[in-house]
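Contents: one structure, followed by commentary.
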Amino acid sequence: MTEHHSGFVAIIGRPNVGKSTFMNRILGEKVAIMSPKAQTTRNKINGIYTAPDVQIVFVDTPGIHKPQNALDDYMDQAALSTLNQVDAILFMIAADEQPGKGDQWIIDQLEHVTKPVYLLVNKIDAVHPDDLLPLIEKYNGMYDFAQVFPISATEGNNVDELLTQLTAELPEGPQYYPDDELTDHPEYFVVGELIREKILTLVHDEVPHATAVVVERMKDYEGGKLQIEATIFVERSGQKGIIIGKGGAMLKQIGIKSRQDIEALLGEPVNLKLWVKVQKDWRDNNAYLKTLGYNKKDLRN
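All residue numbers for the sequence shown refer to the UniProt record's numbering, where the first residue is 1 and numbers rise by one.
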């Protein structure tokens, strides 16, 4: 009988190095949202990769950075809380960026980790091959990595080789989730993240980072369409005006593009209604952060 392996693998790294793109590449479907802006991922998002001989639960963590507010602090804690709860760690860097203080700080957090840590050098398609070896040597001088994988999350280079290595390294274990389950987050969470992704893509400056999305309703059918209602929270009335746009044009675009992705995710027609409300300084309000699902106590479990 063929051995079956299973386990949990954390993906850590500085903001915007391609962690979510990498996980979506492995799963073959969008589970973690993506945007050119840093700090796109806020929660730990579990993506489930299933093959006949292995099931790997990838934990896509928020990018680790110096906290500027209570939300930032939550995001750092969300990333670091995974380190002692997984079977392996993937530390991702960008091939077109030199090591910085942020990378050194992350490596310092790995000092007492007993599980294997793999260095993933992402975005190799963006640099000349001759530039890779000096960069890898710098990082090998900073930490004793189990192995180094130069990859391209967008093109898929060496991703299969990494999966083969992880399959061999993970312990024998059962299949935790059904074959067709790609994430353990409920659908309403993923729907809210898809809406937030469109805000990050369409709205400029710091406004997107001051937004949160709450799916208020996701049920009932009218005219053969699933009814979804969501509220976009911002911190200032001026931000509300930017999200809505002149004559409601921006909010309409957010709605159209969100609906397209939501329908692709759910495989059915959707009627999406969006509202925008002001919740002053919500990123520094710990009590309100809990209502949005950002609760540090949950990270200790």
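Glycine included, each C-beta is placed from N, C-alpha and C at the ideal position.
*In three-state DSSP terms, what is VAL86?*
By one-based count along the sequence shown, residue 86 stands at place 86. Of the three classes helix, strand and coil, the one that applies to VAL86 here is coil, per DSSP.
*Counting pairs of Cβ atoms below 8 Å between the region 191-201 and the region 168-183, do you hit three or more?*
Touching, no, given that fewer than three Cβ pairs across the two stretches are closer than 8 Å.
*Taking only beta-carbon positions, decide if MET23 is within less than 9 Å of chain C.*
No chain C is part of this structure, which consists of one protein chain only.
_Nonlocal neighbours in the same chain, by C-beta distance under 7 Å from ALA126, ignoring five residues either side_ = The sequence position of residue 126 within the sequence shown is 126, counting from 1. Excluding sequence neighbours, ALA126 sits near ALA95, ASP96.
*Ends of the alpha helix (DSSP H) at GLY241?*
Along the sequence shown, one-based indexing puts residue 241 at 241. From DSSP, the alpha helix (DSSP H) with GLY241 extends over 237-244.
*asked:* Using 8 Å for Cβ pairs, my map puts PHE22 next to ASP87. What's the rounded Cβ distance?
replied: If you number the sequence shown from 1, residue 22 lands on position 22. If you number the sequence shown from 1, residue 87 lands on position 87. ASP87 and PHE22 do not touch by the CB rule: their CB atoms are close to 18 Å apart, not below 8 Å.
*Output yes or no for whether 9 Å exceeds the beta carbon distance between ILE48 and GLU187.*
For the purposes of this step, residue 48 is taken as residue 48 along the sequence shown, with counting starting at 1. For the purposes of this step, residue 187 is taken as residue 187 along the sequence shown, with counting starting at 1. Contact: no.
*Buried or exposed (CB count within 10 angstroms, at least 16 for buried), LYS66*: Locating residue 66 in the sequence shown gives position 66, counting from the first residue. Unreliable placement is indicated for LYS66, whose pLDDT of 48 sits below 50; the coordinate value is still reported in the next sentence. Exposed is the label assigned to LYS66, since fewer than 16 other Cβ atoms lie within 10 Å of its Cβ.
_Among GLU111, LYS280, VAL121, GLU161, whose alpha-carbon lies nearest the alpha-carbon of PHE91?_
Along the sequence shown, one-based indexing puts residue 91 at 91. When each option's Cα is compared against that of PHE91, the closest is VAL121.
*As assigned by DSSP and simplified to three states, the class of PHE22*: Translated into the one-based positions of the sequence shown, residue 22 becomes position 22. Looking at PHE22 - three-state DSSP - the assignment turns out to be helix.
*With a threshold of 16 other CB atoms inside 10 Å of the CB of residue 367, please say whether the residue is buried or exposed.*
Since the first residue shown for the chain is 1 and the last is 301, residue 367 is missing from the structure and cannot be characterised.
*Alpha carbon to alpha carbon, how far is VAL57 from ALA210?*
On the sequence shown, position 57 is the one that residue 57 refers to. On the sequence shown, position 210 is the one that residue 210 refers to. Going by the C-alpha atoms only, they are around 30 Å apart.
_Residue range of the alpha helix (DSSP H) that includes SER258_ = Looking up residue 258 in the sequence shown gives position 258. Secondary structure note for SER258: its alpha helix (DSSP H) is the uninterrupted segment 249-266.
*Return the CA-CA distance between THR114 and ARG259, expressed in angstroms with no decimal places.*
Taking the sequence shown and counting its residues from 1, one reaches residue 114 at position 114. Taking the sequence shown and counting its residues from 1, one reaches residue 259 at position 259. Taking the Cα positions, THR114 is about 44 Å away from ARG259.
_Using C-beta distances below 7 Å, list every residue in its chain close to LEU166, excluding the 5 sequence neighbours before and after it, in chain order._
Counted from its first residue, the sequence shown places residue 166 at position 166. Cβ neighbours of LEU166 beyond the five flanking positions: VAL9, ILE56, ALA88.
*With DSSP as the reference, label residue 315 as helix, strand or coil.*
Limits of the chain in this structure are 1 at one end and 301 at the other, which puts residue 315 out of reach.
_Given GLY245 as reference, the closest of HIS204, ARG283, ASP284, LYS225 once Cα atoms are compared_ = Locating residue 245 in the sequence shown gives position 245, counting from the first residue. Ranking HIS204, ARG283, ASP284, LYS225 by Cα distance to GLY245 puts HIS204 first.
*Quick one: is GLU268 buried, meaning 16 or more other Cβ sit within 10 Å of its Cβ, or exposed?*
In the sequence shown, counting from the first residue as 1, residue 268 sits at position 268. Counting Cβ neighbours within 10 Å, GLU268 comes out exposed, since fewer than 16 surround it.
*When burial is assigned at 16 or more other CB atoms within 10 Å of the CB, is ASP131 buried or exposed?*
One-based indexing of the sequence shown puts residue 131 at position 131. Under this definition ASP131 is an exposed residue.
*Thinking just about the alpha-carbon of each residue, which of LYS252, VAL278, LEU226, ALA249 is nearest to the one in ALA264?*
For the purposes of this step, residue 264 is taken as the residue at position 264 of the sequence shown. Nearest option by C-alpha distance: LEU226.
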